[in-house]
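Undergrad: If you scroll down you'll find the structure; I have some questions about it.
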Amino acid sequence: MGDHVLYIAVDPGRVSGVAVMAHGICKGYEVPARKTGQSVHDFMSGSRKDVWEVAMERYTITPGIRSAQPHALMVMGAVEYVCDSQSVTFHYYTPGMGKRVCDNDLLRRIGWWQPTKDGHANDAKRILLTHLAVRDPDLFGTITGI
93 MGDHVLYIAV DPGRVSGVAV MAHGICKGYE VPARKTGQSV HDFMSGSRKD
143 VWEVAMERYT ITPGIRSAQP HALMVMGAVE YVCDSQSVTF HYYTPGMGKR
193 VCDNDLLRRI GWWQPTKDGH ANDAKRILLT HLAVRDPDLF GTITGI
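When we follow this note's numbering, the leftmost residue of the sequence shown carries the number 93, and every step to the right adds one.
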């Protein structure tokens, strides 16, 4: 994978967390659901020479749970559409995977912690680190020291 791969991770929701890592620098954003797909497209359009990989938390509506989040489903569809239209691979991860791979202490230790109102940017960074742990363990180890 390495140097020419750029990464985007999305925590879908009414306010989506979006993390972008390019050349070892990770930045987090919080974006309204209706603008998340466009934001992902804009990030990818800014660097056409590089290869992008997109990771996203898979939200599933669970019967009986009162916190149904239709915005999360809409964001997932929008991001999938953007990735398909740009021939960019994307990968889904469960919410539990991100929390197992990366807790708040790890984000703080590596300098990625970002205080925000609801923490969605940090959740996106967790998804990004989960993706690296699975797809590029060497880079994950370089970043985290694990």
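In this text, a Cβ means the ideal position worked out from N, Cα and C, and glycines have one as well. Fair warning: this is a prediction, and the values are worked out from it, not measured in the lab.
Check whether the Cβ atoms of residue 204 and residue 196 sit closer than 8 Å, and answer yes or no.
TA: No; because the gap between Cβ atoms is not below 8 Å, this pair is not in contact.
Undergrad: Is DSSP giving residue 95 helix, strand or coil here?
TA: For residue 95, the predicted model reports a pLDDT of 45, less than 50, meaning its position is unreliable and no value from the coordinates is stated.
Undergrad: Just mark residue 96 as buried or exposed, buried being the case when its beta carbon has 16 or more other beta carbons within 10 Å.
TA: It is exposed - the Cβ of residue 96 has fewer than 16 other Cβ atoms within 10 Å.
Undergrad: Return the chain-ordered list of same chain residues with a C-beta closer than 7 Å to the C-beta of residue 79, the five sequence neighbours on each side being excluded.
TA: Beyond the ends of the chain as shown, which are 93 and 238, falls residue 79; an answer cannot be given.
Undergrad: Check the DSSP bridge columns for residue 113 and list the partner residues they point to.
TA: According to DSSP, residue 113 bridges with 99, 118.
Undergrad: So, with DSSP's three-state summary, where would you put residue 181?
TA: If DSSP states are grouped into helix, strand and coil, residue 181 belongs with the strands.
Undergrad: Where do the ends of the beta strand (DSSP E) carrying residue 144 lie?
TA: Start and end: 143-149.
Undergrad: Under a Cβ-count criterion, where at least 16 other Cβ atoms within 10 Å of its own Cβ denotes burial, should residue 235 be classed as buried or exposed?
TA: Classification of residue 235: buried, given that the 10 Å Cβ count is 16 or more.
Undergrad: On the DSSP letters alone, give me the boundaries of the alpha helix (DSSP H) that residue 138 sits inside.
TA: Run containing residue 138: none; DSSP gives neither H nor E here.
Undergrad: Does the distance from the CB of residue 105 to the CB of residue 163 come in under 8 Å?
TA: Yes, the Cβ-Cβ distance between residue 105 and residue 163 is below 8 Å.
Undergrad: Can you grab the Cα-Cα spacing for the pair residue 214 / residue 109, in whole Å?
TA: Using only the alpha carbons, I get a separation of about 7 Å.
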